[in-house]
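Structure record follows, encoded as structure tokens.
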Amino acid sequence: MNKLITGGLVLLSTGLLSACHQSASPSSAKHSTATARRSTKSVTANNRKIAQHVAREFNKNGQAVTVRTATEVIDDQSKKVNGKSVPHQEIRVLITDKQVLKAVKEAKTAVSNQTASTDQKMYLAGIQETITKAARELKGQDTLTMGYEEDADNTVLVAASMKDKDLIKPVEISIE
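According to mature numbering (1 follows the signal peptide of the UniProt record, and there is no 0), the residues represented by the sequence shown are -19 to -1, 1 to 157, in order.
Below you can see the structure in the form of structure tokens.
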């Protein structure tokens, strides 16, 4: 039963992303505070594969998201060794389509205000589930995040996961 619900959520979120995007052109209230240093270190093959998979999942009917991978990221998820933070890699999925962005912002605001409809909750939960499943393939402290740019310096995250945990609490859906 759980697999059926999860599968339905993933299909619903993919469908909603696709539906919102068809008529548009590309273009947790947790904010990302990661810093990345300039580095000659390249993205691991595993993270490149995950980034490509996530891009295919969310861009089935056009360009709804942009996927970037950063190396040498130091943030709250960085492992500490002898008191120093050890950098990790981050796969960042940014929502770029205007209609998808509008739908995600509305759903996130409604969830935050506890006024979200079941469809809005399922929309965000489907996105979070897709990110969580893809993150299971990550190595070490690497992270996979999805969100939108609030301004030049801040990104509002909708989903964030590591291999073994979600960094943003998943949206809860009560089935009556």
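Note that beta-carbon positions come from the ideal geometry of N, C-alpha and C, so glycine has one too.
Please read all numbers here as calculations on a predicted model, not as lab measurements.
- In its chain, beyond the 5 residues on either side, ILE31, HIS34, VAL35, LEU125 have a beta carbon closer than 7 Å to the beta carbon of ALA115.
- DSSP links SER66 through a beta bridge to LYS61.
- The stretch 77 to 89 makes contact with the stretch 104 to 113, as at least three CB pairs between them are under 8 Å.
- DSSP, reduced to helix, strand and coil, places MET127 within a strand of the structure shown.
- Per DSSP, the continuous alpha helix (DSSP H) segment holding VAL92 begins and ends at 79 to 93.
- DSSP places VAL35 in the helix class (H, G or I) of the three-state scheme.
- Collapsing the DSSP output to three states places ARG117 in coil.
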